[in-house]
Structures are given as structure tokens and as C-alpha cells.
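First the structure, in the form of C-alpha cells, and then the observations on it.
There are 2 protein chains.
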Amino acid sequence: MTVSAALQQSADEAGLLPSHQARLDYRTGKGWSTAGVANGFVQGNLAIIPERYAGAFHRFCQLNPKPCPIIGMSDPGNPHIPALGADLDIRTDVPRYRVWRDGEMVEEPTDLLAHWRDDLVTFVLGCSFSFEEALMADGLPIRHIEQGCRVPMYRTNIACTPSGQFAGPMVVSMRPFKPAQAIRAVQITTRFPAVHGAPVHLGLPEQIGIADINTPDYGDPVPVGTDEIPVFWACGVTPQAVIAAAKLPFAITHAPGLMLITDLRNKDLAVL
Amino acid sequence: MTVSAALQQSADEAGLLPSHQARLDYRTGKGWSTAGVANGFVQGNLAIIPERYAGAFHRFCQLNPKPCPIIGMSDPGNPHIPALGADLDIRTDVPRYRVWRDGEMVEEPTDLLAHWRDDLVTFVLGCSFSFEEALMADGLPIRHIEQGCRVPMYRTNIACTPSGQFAGPMVVSMRPFKPAQAIRAVQITTRFPAVHGAPVHLGLPEQIGIADINTPDYGDPVPVGTDEIPVFWACGVTPQAVIAAAKLPFAITHAPGLMLITDLRNKDLAVL
């Protein structure tokens, strides 16, 4: 039995949502990657910012909703976000965090109990896992999942709209599709504006400043067939890169691939 | 004052819908091309088939809804289709018709009074004029309209699903767009399944059997910029080509660009 299946089974036995059970497991040090855990439930990117900078970051997200779709946020100093999960404690419920000081990642703790401050504001941003589930449910193949690697991501020449010290290029993720599949993927992801929504670009990677599709700036390269076109979505790495570039004295994010699992269901994010 | 503006003015004076007034004008021999006439109202492709073949053609349309979206049809021998227009008479209300015998176009009359038969069934199929209006309303440029020519159309290697003697390749129309515009065009036209709906292909024309984008099989070539990709929609020329290839003893279509103007509004065809 896989870890994922075991978590699911224990959740069923306890009568808890699989998402809630997963958070309890991470809280007590069990489990690791959130890939494939609590399928059907929304996973989120995490950004925890001191209140002094939170207003400008909040505006940055509002101004750049495709890379930074807010699905939940906390009051200052409050580690709970009831709208995203019963009993959710942002200090303990993510498998691994990254602590940033002056733009440098200085630590990767498994909880924030030693780092928590009364001025911290938590932002939870939508993640492509949700729309990938919808694409796969429609029968569309996701290349990096087939290949067992990370999605390729690229810095583009598309400038985000700046807010205060938060500024920088949009980072995009890429999934190759045959043309008819690409059209279907536009339709499906359009239904999910809370998790990056429709693609921002397709074909012609050089038009958005991608010189070599085989050399992603983040993640792993995947092959693009001669009968396929690359399709690009705004990516949740954008806010992480922007936070690092802003060189805040202090900030926290999740570690890549180790997300916050919420009690929201992916299907409930569909606008139609 | 243009003919179109004059028609609009006289319609307003008579208290008729502009679409109804346009049909009355065509009925009495006034006016010509339907391009730009009764803006906002649905124009349709026309196929008039003897009842003996109408069942198979109806199934062909049902099996191939993207090139052949039915927006109205008549009872056998009945020249009226009340759902498409008060007072509509299919024998007189289209500016020009094409009469086909054994797959050959033999006449282009301006009415069907001498050709009408009690066994004729009329099919009215959606037309790209409706979705082009929606694209332009969103600010997307339509190249062939900018260039003042006909949309380029191509026979593809996409086989329609056959029904009886009706069979053949899908014909597509092409409009070039920048990638972000192409994504928007997918979204907008998805809202209009009754007028061909979303594109069937984009980029990589050779994948659907188009050897030279600059040599359309119908219509006129238009330039495709190096920063653009060609976007392909199923086209209402498909059923006309299929009807000709079926070599029916007798059939009638509209003459290209001289459509049936209905009282339906384009906006009412939007499914969302």
C-alpha cells in the first residue's frame, strides 16, 4: 500500500476528510510530498509575509491574478484560516517550509513553531495541481506526470504589474499538447480562474522571451513532439521569485512540491 | 448613406426588426451582399434537400455538429421556418441561390419560385459571421475583414463522419492571431456552439493536411505574421462541398456571402 493509500484508509477510518487527515499527519511528522495526497482537494502555494509588507503583496496578487490567485488569507498573527480547513494550523500543517531573510533562503523547517510572529499574514495561492486533475479527468495527457518529473517552468518577458517592492517577470509552466488537445485545455482551465485559469500563451515560445524550450529556469525539461505545441500557464513560482527578489527582512514559503492541503474541493473552484 | 445604413433606417421607420426588413428588401429585389446587414442578427448557411435525402443529411449534420450546426429546419415542402423569423419565406428572402443538379451548379436565381417543390426540406446552418461579431466586440482583429477580402478556407485531412451518400473532408476557415489573442478567441467562440464553436485546430497547419497556408482552397489568402499562429474553425462550406460531392439529382444552397438573415440575435446563441 502506498503512503497515499494508507493515509486515505486511515482518514476513512477516522471519519475525517482526507485533506484534514493529511494535515494531521504532516503536523505529527508523518508523510512528505503532497503529490497524489488527498486527491480531489485543493493544494495551495504558501506565502507568509510580515504585516508591514502584506498590504503591498496583497495588492500585487490582486493586480496579477493569473500567477497569484488568492484562495485564502489570514488575519495578522492568526495561524488559522477556517475557510480553508477545519482545525488548519498554518504553523504545522505543511510538510516543509522555507524561511527567507533578506532574499536568501536560510532554513527549511518542518514546522514554524520557532519562527511564528504576531505580525505574520498568510496568503494561500492556487496551484496547478487543481487544473491538472481536471485535464487528466478529461483524458488529456500531462507530459511531466507521464515522465515522472517536475513541470518545466520559465521566466518570461511578461512583466507583472508591480506593487511596492514586489515586482518581476511572470514565471510560466509549460505542458505540450497536440493542437486539438491544446484547445480543449484552454476550455477546461478557463473554468478554473482560482488556479491560474486559461493559458497565457501557446506556441511561439520566443515571443515571451523563452530562448530554449529545453532549458527551463525551474523544474525539469520535457520533450515536445513535432506534432505538439507548448502551452504556457501563469505559475505559482512567480510570487515566490518576486518575494525573493524583494529581499524582505523575513518571509516564509512552502518548500517546492510540499504544499498546503486544504478542505476545498477542486471541483468547487470551477466557475462553470 | 450606405445600402446597409439605408436598410437600417427604413427598418426603424417601419417598426420592423432590421432582419425582417432586410428579408423584405431581398424579397422585392433590393440589396445584395448580406455582409454588414442587420448587425447583431444571426445569418445562416442554407441547404435545401429533397425529402428522400433529407434524413441522411440531417444525420450528417447531427454527426458533424462543428461544421454543420443546425439552427433551424423546415417541414417537407414548407417554405416557412417561423422559429427563425416572422414572415420568413425561404423561397424569396435570400439574395441569391445556387441550384445544383447531379453535383453541378446549374443556375443562380434570385428566388426559388420556379424551383420550389413539395418535397424540399430546408436546413439553416450557423455561420461564422456570428462569432466574428463576438470576437470583434472583444477587440480581436479579424484579418480578412481588415484586408477587405473573403476568409481563407482549406480542405483538411479531417474526415467528417459519413451518413448515407454524404461524406467528405471537413473544410476549415483560418484567422491568424497572436497567441494570447488565440487563447481569447478559443474562449469566446466556445460560447457559440451553434455557430461552429471553438476552433478545431491551431498552429501546425500541416497536421490537418494544409500544405500551404498561402493557397486556400476557397476564399482569399491573408498574411500570417511571424508573431501569429493560424487558428482554424470548422466551416459552413463543408456541407456545401459534401452536398456537391453527393451528386444529388437536385439541391439548393445560398450563393457564397449571400446568406439567410434570421430574427435570432447573435447574443442569444451564447451558451454562457
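Chains as they are written, first to last, in this note's numbering: chain A, 581 to 852; chain B, 581 to 852.
Just so it is clear, CB atoms sit at the ideal spot from N, CA and C, and this is done for glycine as well.
Positions of the alpha helix (DSSP H) runs, each at least 4 residues long and wholly inside the segment 780 to 840 of chain A, are given as 817 to 826 in order along the chain.
DSSP places Ala627/B within a strand segment (E or B) once states are collapsed to three. When DSSP assignments are scanned along the segment 604 to 671 of chain A, the uninterrupted stretches of beta strand (DSSP E) that are 3 or more residues long and fall wholly within it turn out to be 621 to 630 and 650 to 653. Per the C-alpha coordinates, the member of Gln623/B, Tyr633/B and Val804/B positioned closest to Gln727/B is Val804/B. One thing to note: Phe746/A has its Cβ within 8 Å of the Cβ of Phe640/A. With distances taken between CA atoms, Pro749/B lies nearest to Thr818/B out of Thr818/B, Asn794/B, Leu643/B and Pro598/B.
In this structure, Pro675/B is the residue among Pro675/B, Val617/B and Ile628/B with its C-alpha nearest to the C-alpha of Thr608/B. Under the DSSP assignment, Pro759/B falls in the alpha helix (DSSP H) whose first and last residues are Pro759 to Thr770. For His781/A, the neighbours in chain B by C-beta distance under 7 Å run, in chain order, Pro759 and Ala760. Put simply, the segment 623 to 640 of chain B touches the segment 836 to 847 of chain B. At least three CB pairs are less than 8 Å apart. Residue-level contact by beta carbon holds for Asp807/B and chain A, with a gap shorter than 8 Å.
For Thr770/A, the nearest beta carbon of chain B is closer than 8 Å to its own beta carbon. Rounded to the nearest angstrom, the gap between the Cα atoms of Thr690/B and Pro756/A is 51 Å.
Between the alpha carbons of Ala618/B and Arg845/B lies a distance of about 10 Å. A check of alpha carbon separations from Ile722/A across Asp698/A, Ile793/A and Ala765/A identifies Ala765/A as the nearest. At least 8 Å separates the beta-carbon of Val686/A from that of Ile629/A. Put simply, of Asp848/A, Leu597/A, Ala615/A and Gln820/A the residue whose alpha carbon is nearest the alpha carbon of Cys740/A is Gln820/A. The beta carbons of Pro759/B and Ile809/B sit closer together than 8 Å. Taking 9 Å as the Cβ-Cβ cut-off, the segment 703 to 722 of chain A has no residue approaching chain B.
DSSP places Ala602/A in the helix class (H, G or I) of the three-state scheme. Per DSSP, the beta bridge partners of Trp680/B are Met685/B and Ala831/B. Out of Arg730/A, Arg681/A and Asn658/A, the CA that lies nearest to the CA of Trp696/A is found in Asn658/A.
For Asp691/A, the secondary structure class from DSSP, reduced to helix, strand or coil, is coil.
Residue contact check for Gln745/B against chain A: no CB pair falls below 8 Å. Interface residue (Cβ-Cβ distance to chain B less than 8 Å): Val804/A is not classified as such.
Judged by DSSP in its simplified three-state form, Ile738/B adopts strand. One Cα belongs to Ala814/A, the other to Cys729/A, and the distance between them is close to 19 Å.
Each residue's CA atom was taken as its position, placing Pro649/A and Ser708/A some 11 Å apart.
Within the same chain, Arg607 and Asp691 come within 6 Å of Thr672/B by CB-CB distance, once the 5 residues on both sides are set aside. Take Tyr633/B, set aside five residues on each side of it, and the residues of its chain with a beta-carbon closer than 6 Å to its own are Leu828, in chain order.
Taking the beta carbon of Gln767/B as reference, the chain A residues within 9 Å of it are Val766, Gln767, Thr770 and Ala778, listed in sequence order.
DSSP places Pro773/A within a helical segment (H, G or I) once states are collapsed to three. Looking at the DSSP output, Pro732/B bridges to nothing. Nearest to Asp843/A by C-alpha distance, out of Ile768/A, Val851/A and Gly665/A, is Gly665/A. Under a criterion of Cβ atoms nearer than 9 Å, the residues of chain A adjacent to Leu852/B are, in order, Leu852. Val822/A has its alpha-carbon roughly 24 Å from the corresponding atom of Ile661/A.
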